[in-house]
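A.B. asks: Those protein sequence lines, which keep their order, are chains A and B.
Read in order, the letters of the first sequence correspond to residues 83 to 221 in our numbering.
Read in order, the letters of the second sequence correspond to residues 83 to 221 in our numbering.
Each residue gets a CB set at the ideal place from its N, CA and C atoms; glycine is no exception.
There are 2 protein chains.
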Amino acid sequence: MNKKYYETIFQIIRTGHWITDQVSKELKEFGITEPQFNVLRILRGAKGKPISVSDVLERMVQRNSNITRIVDKLLIKGFAERKECPTNRRKMDLTITEAGLKKLKELDERVEAFHQPFIGKLSPSELETLKKLIIKLKS
Amino acid sequence: MNKKYYETIFQIIRTGHWITDQVSKELKEFGITEPQFNVLRILRGAKGKPISVSDVLERMVQRNSNITRIVDKLLIKGFAERKECPTNRRKMDLTITEAGLKKLKELDERVEAFHQPFIGKLSPSELETLKKLIIKLKS
DNA sequence: AATATACATTTGTACATACAATAGATGTTT
DNA sequence: AAACATCTATTGTATGTACAAATGTATATT
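1. Quick one, which of A/Glu89, A/Val153 and A/Met174 has its alpha-carbon nearest A/Ser131's?
2. Check whether the Cβ of B/Gln93 lies closer than 7 Å to any Cβ atom in chain A.
3. Mind checking if A/Val143 is an interface residue toward chain B, Cβ cutoff 7 Å exclusive?
4. Relative to the alpha-carbon of B/Pro117, which residue among B/Ser221, B/Met142 and B/Ala128 has its alpha-carbon at the smallest distance?
5. Is B/Gly160 closer than 7 Å to B/Ala128 when the C-beta atoms are compared?
6. Among A/Leu215, A/Pro199 and A/Ile201, which residue has its Cα nearest to the Cα of B/Leu204?
7. Rounded to a whole number of angstroms, what is the C-alpha to C-alpha distance between B/Phe196 and B/Glu188?
8. What does a CB cutoff of less than 8 Å around A/Ser106 pick up in its chain, not counting 5 residues either side in sequence?
9. Closer than 8 Å by beta-carbon distance: list the chain B residues that pair up with A/Thr115, in chain order.
10. Taking beta-carbon pairs under 8 Å, can you tell me which members of the segment 201 to 213 of chain B lie near chain A?
11. Identify which residue in A/Ile217, A/Phe119, A/Leu156 and A/Ser134 has its Cα closest to the Cα of A/Glu166.
12. Would you verify that the beta carbon of B/Leu156 is, or is not, closer than 7 Å to some beta carbon of chain A?
13. Between A/Lys185, A/Glu208 and A/Leu209, which has its C-alpha nearest A/Phe112's C-alpha?
14. Quick check: is the beta carbon of B/Asn170 nearer than 7 Å to any beta carbon in chain A?
15. Give me whichever residues DSSP pairs with B/Glu163 in a beta bridge.
16. Please report how far the alpha carbon of B/Ser207 lies from the alpha carbon of A/Lys218, in whole angstroms.
17. Enumerate in chain order the residues of its own chain whose CB-to-CB distance from A/Ser147 is below 7 Å, with the five nearest sequence positions on each side excluded.
18. Anything in chain B within Cβ reach of A/Thr218, meaning under 8 Å, just list it in chain order.
19. Thinking A/Lys86 and B/Leu209 are a contact (beta carbons under 8 Å), I'd like their distance in whole angstroms, please.
20. By how many angstroms is the C-alpha of B/Pro168 removed from the C-alpha of B/Asp154?
21. Since B/Arg172 and B/Glu108 are thought to touch, with beta carbons under 8 Å apart, how far apart are those beta carbons, to the nearest angstrom?
22. Within 10 angstroms of its Cβ, does A/Leu122 collect 16 or more other Cβ (buried), or is it exposed?
23. Contact defined as beta carbons within less than 8 Å: I believe B/Thr177 pairs with B/Glu163. What is the distance between those atoms, to the nearest angstrom?
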């Protein structure tokens, strides 16, 4: 009973974790953890505009991360900048640096290379169906 | 380009992590972590027969776990037993205890209750399609 | 203005995780 | 049988994570 549901859920969980695990391994070579990679991409996504710690948090896949410490690591590597927000001194203005953008480009290439073998496995309409079904499942 | 692929992958990742995060929170109330829960279920799955650390590892969703330390925690709680394997002293015979089985039943109920609202969201044929598409994607 | 409440981030700390190094047992080769 | 390689599990250690408490700032209430 409900066997089919659990089998399907199991596939989703296993696939999701497997992908992030594999990507983590690719990133490790660059001395970057997956949360650091995600924060970098979020900073880039802000397109030059500084964003706050809580903004980053909102956009994170894993919401429980400690952004301060992740950003600490990015600062050390020179990939991000952190300044007090001038209009609200409680907040921090976080931005990605040129070095961060450059590194991110490298990382993206590596991640893309990882995905390459899978991209052709499903047709566009199959991908669409898959996406829609997952969204429906969560709705 | 390949936007649809990445959107779909993103849904899989996010959903997979979201489910395990939610389940972790449910388990936390019982003082059990998700890896511990998984190991317990694997031990139960052995149906009374003792299995080794490497057997457990093979069946884990997250393969990088340190089984020794997870089992340590289960021993402390009295949910598992660990003996030297008599036929191969390199190996350990791991089993679930009565207390472990009882606790696991409670945990299962809680996890089921979490899934309940989602079970009806997709029809059996939709679930089947979803499962098949994910498997095909990884193939 | 003083006090309280809410907000944004950081820090302390206990715990978990990753991975390499180690230890001990078994299997294989000569 | 001795030497070497392989298998299995544990441990050391550095790093990451979770979550509560603390810090500092802004806003609301009296």
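C.D. replies: Taking the definition as stated:
1. According to the sequence shown, residue 131 of chain A is Lys rather than Ser. Ranking A/Glu89, A/Val153 and A/Met174 by Cα distance to A/Lys131 puts A/Met174 first.
2. yes
3. yes
4. B/Met142
5. no
6. A/Leu215
7. 13 Å
8. Thr115 and Glu116
9. Neighbours of A/Thr115 on chain B: none; closest Cβ ~14 Å, over 8 Å.
10. Ile201, Lys203, Leu204, Pro206, Glu208, Leu209, Glu210, Thr211, Leu212 and Lys213
11. A/Ser134
12. no
13. A/Lys185
14. no
15. B/Thr177
16. 14 Å
17. Pro117
18. The amino acid at residue 218 of chain A is misidentified as Thr; the sequence shows Lys. Going along chain B in sequence order, the residues near A/Lys218 (Cβ under 8 Å) are Lys203, Leu204 and Glu208.
19. 5 Å
20. 20 Å
21. So it is not a contact: roughly 37 Å between Cβ atoms.
22. buried
23. 5 Å
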